[in-house]
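Inspection log for the structure reproduced underneath, given as structure tokens.
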Amino acid sequence: MDDNLRAGTLQDVQDIKRLMQRSSRFTSLSAWSFTGAGVVALISALIGRYLFFLPYYRSYNTRGAFMAGDFAELKTQLLVLSFITLVVAAGIAALFTWRKARRQGQSLWEYSSRQAAWQFAIPMAAGAVFLLGMLRYNEWRFIAPGCLVFYGLSMVAASRFTLGAVRWLGFGMILLGLLNMFYIGYGLYFWTLGFGVLHIVFGLVIWFRYERNEKPVVAIAKDPL
Amino acid sequence: MNPIAGLNKLFDNRIRLGVMSILMVNEEVSFNDLKRMLEVTDGNLATHLVSLEENGYLKVHKGFIGRKTNTTYSVTRNGEKAFNDHIQALENMIKGIR
Chain A
29 MDDNLRAGTL
39 QDVQDIKRLM
49 QRSSRFTSLS
59 AWSFTGAGVV
69 ALISALIGRY
79 LFFLPYYRSY
89 NTRGAFMAGD
99 FAELKTQLLV
109 LSFITLVVAA
119 GIAALFTWRK
129 ARRQGQSLWE
139 YSSRQAAWQF
149 AIPMAAGAVF
159 LLGMLRYNEW
169 RFIAPGCLVF
179 YGLSMVAASR
189 FTLGAVRWLG
199 FGMILLGLLN
209 MFYIGYGLYF
219 WTLGFGVLHI
229 VFGLVIWFRY
239 ERNEKPVVAI
249 AKDPL
Chain B
61 MNPIAGLNKL
71 FDNRIRLGVM
81 SILMVNEEVS
91 FNDLKRMLEV
101 TDGNLATHLV
111 SLEENGYLKV
121 HKGFIGRKTN
131 TTYSVTRNGE
141 KAFNDHIQAL
151 ENMIKGIR
């Protein structure tokens with residue numbers, strides 16, 4: 029058979045494969061997005077513990093009585109801190125992924141990234157409303173496990189449209205959140221483990237596996253052809 | 061046996077093959093998204109979409125986002141079969157070469 033036909037056929041198959049992958053998965057997700065978000069979460073957990081939690085308990089112990097005002101202040105501090113953490117972590121994650129997408133000639137607004145964002149947003153939005161509803165009735169004990177579980181569900185949902193491995197990070201978050209349900213009151217530790225350590229470890233793992241040599245990042249479970 | 065038997069003439073073209081590849085793994089894709097993924101001009105893409113549609117391989121849905129038209133495309137059962145046959149033919153060719 030002549031070589032032209034052979035080259036053409038292989039080219040066709042490669043084109044098909046590339047388009048199928050690129051159109052259905054957002055492949056420019058950067059490993060540093062995860063590591064960066066994890067570092068922000070760790071710093072925030074330290075601030076929460078040493079600037080807010082410990083002083084609160086210190087004054088509680090010296091006074092020897094519960095003060096509603098102090099407790100309300102602590103809750104406001106933590107709420108503001110977690111909101112700032114969310115914004116900074118998301119910003120850093122977006123920045124690294126934006127840089128990588130630019131390098132690969134993709135945009136953040138690809139068909140696949142929009143799909144991933146949608147899938148991610150649904151459990152996140154449901155979780156946000158659910159947890160805010162809990163706070164309204166002064167039910168704060170399940171906030172930490174709830175955040176972990178809903179965040180994990182979002183990752184599992186979005187993983188179908190981006191790096192398949194994100195699913196495992198999602199499972200990890202869900203597992204930690206569920207464990208936390210049986211150790212209410214240790215929320216900060218589970219948060220630190222989930223949003224901090226798990227993010228960092230995951231970021232490093234996918235960096236070593238996919239990005240170190242700048243190989244294609246796509247990890248499609250089954251070859252579409 | 062003719063080595064290129066079973067290859068679909070319509071998929072000789074890169075753009076038409078590309079459109080089909082994208083639509084095989086995505087339920088519904090808009091004109092603009094197709095254009096960006098394939099890096100082609102409006103007119104060029106439109107011509108190829110019409111020929112795929114005329115052969116019954118594509119379904120066209122015309123909708124609106126606000127006042128802007130939003131045309132989306134999805135693959136028909138015929139199109140799916142034609143594409144799979146074409147892939148099968150490509151596979152046979154590659155096997156034949158070895």
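If you're matching them up, the sequences are chains A and B in order.
Residue 163 in this note's numbering sits at position 135 of the first sequence, with consecutive numbering throughout.
Residue 96 in this note's numbering sits at position 36 of the second sequence, with consecutive numbering throughout.
Where a beta carbon is used, it is the ideal one built from N, C-alpha and C, also for glycine.
Under the three-state reduction of DSSP, Phe-148 (chain A) is assigned to helix. At a cut-off of 8 Å, the C-beta of Arg-50 (chain A) has a neighbouring C-beta in chain B. Per DSSP, Ile-82 (chain B) is one residue of the alpha helix (DSSP H) stretching across 74-85.
With fewer than three CB-CB distances shorter than 8 Å, the region 71-88 of chain A does not count as touching the region 169-178 of chain A. With the criterion set as a beta carbon lying under 8 Å from some beta carbon of chain B, the region 106-120 of chain A has no members that meet it. Listed along chain A is no residue with a C-beta nearer than 7 Å to that of Gly-103 (chain B); the closest approach is about 21 Å. Here Trp-219 (chain A) has Ala-69, Ala-73, Ala-172, Cys-175 and Leu-176 as same chain residues with Cβ atoms under 8 Å from its own Cβ, once five neighbours each way along the sequence are excluded. Around the beta carbon of Ser-135 (chain A), fewer than 16 other beta carbons sit within 10 angstroms, so the residue counts as exposed. Between the region 73-84 of chain B and the region 120-139 of chain B there are three or more C-beta pairs closer than 8 Å, enough to call the two in contact. Rounded to the nearest angstrom, the Cβ distance from Lys-119 (chain B) to Leu-105 (chain B) is 16 Å, too far for a contact under 8 Å. Residue state for Phe-170 (chain A) is assigned as coil, using DSSP reduced to three classes. The C-beta separation of Gly-198 (chain A) from Met-209 (chain A) comes to about 17 Å, leaving the pair out of contact by the 8 Å criterion. Scanning chain A for C-beta atoms nearer than 7 Å to the C-beta of Leu-112 (chain B) yields nothing, as the closest lies near 15 Å away. Under the Cβ criterion (8 Å, minimum of three pairs), the region 117-125 of chain A counts as touching the region 52-61 of chain A.
Between Met-152 (chain A) and Phe-111 (chain A), the C-beta gap is not smaller than 8 Å, which leaves the two residues out of contact.
Around the beta carbon of Phe-230 (chain A), a 10 Å sphere encloses 16 or more other beta carbons of the protein chains shown; the residue is thus reported as buried. Within the same chain, and ignoring the five residues on either side of Asp-98 (chain A) in sequence, the residues whose Cβ sits closer than 8 Å to its Cβ are Tyr-84, Ser-87 and Tyr-88.
Pairing Gly-222 (chain A) with Arg-127 (chain B), the inter-Cα distance amounts to about 44 Å.
Ser-141 (chain A) sits in a helix when the DSSP states are folded into three classes. Residue-level contact check: Asp-93 (chain B) touches chain A, since one or more beta carbons of chain A fall below 8 Å from its beta carbon. Assigned with DSSP and collapsed to three states, Ile-44 (chain A) falls in helix. When the beta-carbon positions are compared, His-227 (chain A) and Gly-66 (chain A) come within less than 8 Å of each other. For His-121 (chain B), the beta-bridge partners assigned by DSSP are B:Thr-132. Listed by position along chain B, the residues whose Cβ is nearer than 7 Å to that of Val-157 (chain A) form an empty set, because the closest Cβ is around 26 Å away. Going by beta carbons, Leu-150 (chain B) and Asp-40 (chain A) fall inside the 8 Å limit.
Pairing Gly-192 (chain A) with Ala-185 (chain A), the inter-Cα distance amounts to about 10 Å. Excluding its 5 nearest sequence neighbours in each direction, Gly-116 (chain B) has C-beta neighbours in its own chain below 8 Å: Thr-136, Asn-138 and Gly-139, listed in chain order. Not flagged as an interface residue toward chain B: Thr-55 (chain A), since no C-beta distance is shorter than 8 Å.
For Ile-212 (chain A), there is no enclosing alpha helix (DSSP H), as DSSP marks it with neither H nor E.
Phe-143 (chain B) and Gln-42 (chain A) have their C-alpha atoms roughly 15 Å apart. Nearest in C-alpha terms to Thr-113 (chain A), of all of A:Gly-64, A:Gln-147 and A:Val-157, is A:Gly-64. With fewer than 16 other beta carbons inside 10 angstroms of its own, Gln-148 (chain B) counts as exposed.
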